[in-house]
Amino acid sequence: MLALISDAFVWDELTFPSPICHHSGVRGFLSRLFQLLITLAKLLYWRLFILRIIVQLFITHPRGFGRCLVAFSAAGISAVVISLYSCLLPFRLARWRATASSTSSELYSLLLHAILGHIVLLNIFVHFLAGVLCSPGHVPPLSPLSPHIPRTMCSRCLRPRPWRAHHCVVCGVCVLRMDHHCPWLNNCVGLRTHRHFFLFLTHLGIGIVYLYVAGFGDFMEHSRLSHRINCLVHTIVCALYRVSILVLVFVVGLLLWHGRLIGRGETSVEYYQNQKLARAFSKHHIVYHNPFDFGSRVNWLRFLGLEAPADSRVVKEKGTYGGIKTLAKRFFFHVLLPFNSSPYDGDGMEFEMYEPDVEDVLRDLRTFDE
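Under the numbering used here, the first residue of the sequence shown carries the number 367, and numbering increases by one thereafter.
Right under this line is the structure:
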């Protein structure tokens with residue numbers, strides 16, 4: 367099993383030779399593990415050296431480095447798609463032709479994978495392009511804010527800005543409901559790009575898992591027949607499969623982090639601000655509650671575009687979000703399909719604030735006592 371994993375996903379014989387050991391049992395396992403760690407340390411030395419150069423380039427030329435990362439991301443996604451069409455798909459077609467005379471199940475399976483795969487692929491490309499090209503929403507630099515809009519003062523721009531807007535040192539402007547600046551998109555994740563950013567990561571993770579689940583057998587067959595095909599093509603396909611595992615770990619980590627923040631109704635910037643405020647309030651025995659947290663379910667519905675501002679009246683009157691059909695329709699068009707959805711917060715100048723009731727206050731007090 368270790369040899370299969372090493373040959374298929376982790377390394378090749380040139381840069382990462384397979385461990386060699388003539389012993390078995392625990393002694394053989396420890397010997398292979400020691401060889402693996404030595405080889406890994408050699409590789410990490412050079413990769414950390416290159417990483418230091420990359421970090422220095424990002425510090426000195428962040429915008430130019432961001433463009434390079436966008437091009438690299440687009441090239442990587444395109445390479446995976448090209449490899450599917452040029453390498454793995456022919457194996458499926460050949461298998462279908464071999465079994466077409468006896469059964470049509472292979473054809474149905476091929477069509478199902480084609481439909482599901484292209485839906486995921488369409489979502490990845492649309493949300494990636496939207497995250498790169500769409501404006502996250504900037505504070506108007508010239509037009510003054512309305513007097514009734516709550517505001518703060520930017521210490522860098524020296525201009526008033528609405529709540530939840532923060533200054534991006536890379537873009538040099540104040541971004542509405544800013545979460546962070548994403549170098550992989552070369553754009554800020556803010557009011558109008560936060561949803562695209564999260565759905566891009568979601569569908570990218572789904573696509574990688576789907577690629578391994580549906581195409582693992584084809585990949586192993588491709589590896590066994592590597593002596594019959596172009597060596598360069600085989601090397602590229604193997605490299606893409608290995609890199610995809612690392613990308614999946616990175617994507618899952620981001621999804622868990624941002625999913626937690628979305629459920630709490632806060633951005634990455636607000637998370638640290640709220641933590642600081644909560645500690646300061648607790649010293650005076652005061653419970654701090656995020657004023658933009660309406661509960662996990664409501665926060666998710668609003669973030670994904672499943673609830674519109676016009677639904678508030680319906681919710682207060684009927685306690686529902688327009689019925690299951692309305693939710694299913696919005697989920698189909700705005701989550702499963704890459705149709706755009708306007709932010710619940712509108713233009714990002716004013717935000718609805720949560721007004722706790724007695725039950726919420728008592729629950730917070732019990733939490734504070736614990």
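The beta carbon of each residue, even a glycine, is placed where N, CA and C say it ideally should be.
Since the model is a prediction, treat every value here as computed from it, not as a measurement.
Practice item. State yes or no: is the C-beta of L643 within less than 8 Å of the C-beta of R561? Key: It is not a contact, given that the beta carbons lie outside the stated cut-off.
Review point. Secondary structure at T633, three-state DSSP: helix, strand or coil?
Key: Annotated three-state conformation of T633 is coil, per DSSP.
Exercise for review: With DSSP as the reference, label V536 as helix, strand or coil.
Suggested key: In the structure shown, V536 falls within a coil segment according to DSSP collapsed to helix, strand and coil.
**Study point:** Helix, strand or coil at V312 according to DSSP, with G and I counted as helix
**Key:** This structure cannot settle anything about residue 312, because the visible part of the chain is limited to 367 through 736.
Review point. To which residues does DSSP link M519 through a beta bridge?
Key: In the DSSP output, where bridge partners are listed per residue, M519 has P526.
Exercise for review: Decide if T518 is buried, meaning its Cβ has at least 16 other Cβ atoms within 10 Å, or exposed.
Suggested key: Per the 10 Å Cβ criterion, exposed.
**Study point:** When C520, G712, H493 and L499 are compared against F564, the one with the closest alpha-carbon
**Key:** The closest CA to that of F564, considering only C520, G712, H493 and L499, is found on H493.
Review point. What is the rounded straight-line gap between the Cα of G483 and the Cα of Y576?
Key: About 8 Å.
Check your understanding: DSSP on V615, reduced to helix/strand/coil?
Key -> Three-state result, V615: helix.
Review point. Hey, how far is the Cα of R463 from the Cα of E632?
Key: If you take the alpha carbons of R463 and E632, they lie about 53 Å apart.
Practice item. Determine the direct distance from the alpha carbon of P506 to that of V535, and round the result to whole angstroms. Key: Here the alpha carbons of P506 and V535 stand approximately 17 Å from one another.
**Study point:** Sufficient close CB pairs (3 or more, under 8 Å) joining the region 532-551 to the region 424-444
**Key:** Yes, the region 532-551 is in contact with the region 424-444.
Review point. Residue range of the beta strand (DSSP E) that C434 falls in?
Key: No beta strand (DSSP E) contains C434, which is instead part of the alpha helix (DSSP H) from P428 to S449.
Check your understanding: Quick one, are the C-beta atoms of P709 and R558 less than 8 Å apart?
Key -> Judged by their CB atoms, P709 and R558 are nearer to each other than the 8 Å cut-off.
Point to revise | Which residues DSSP lists as bridging H624, in chain order | key: None, per the DSSP bridge assignment.
Check your understanding: Looking at C-alpha atoms only, which residue of D713, F717, A605 and R668 is the closest neighbour of L693?
Key -> Answer by Cα proximity: R668.
Exercise for review: Run through the region 639-672 for me and flag every whole alpha helix (DSSP H) of 4 or more residues, listed as ranges in chain order.
Suggested key: Counting only runs that start and end inside the region 639-672, the alpha helix (DSSP H) elements of at least 4 residues fall at 662-669.
Check your understanding: Which residue comes first and which comes last in the beta strand (DSSP E) that contains H514?
Key -> That residue, H514, is in no beta strand (DSSP E); it is neither H nor E in DSSP.
Review point. So what's C548 in DSSP terms, helix, strand or just coil?
Key: Three-state result, C548: strand.
Exercise for review: Measure the beta-carbon distance from M715 to P528 and round it to whole angstroms, keeping in mind my assumption that it falls under 8 Å.
Suggested key: About 5 Å separates the two Cβ atoms, so the contact holds.
Check your understanding: With burial defined as no fewer than 16 other Cβ atoms inside 10 Å of the residue's Cβ, what is the status of N706: buried or exposed?
Key -> Taking all protein chains shown into account, N706 has fewer than 16 neighbouring C-beta atoms within 10 Å of its C-beta and is therefore exposed.
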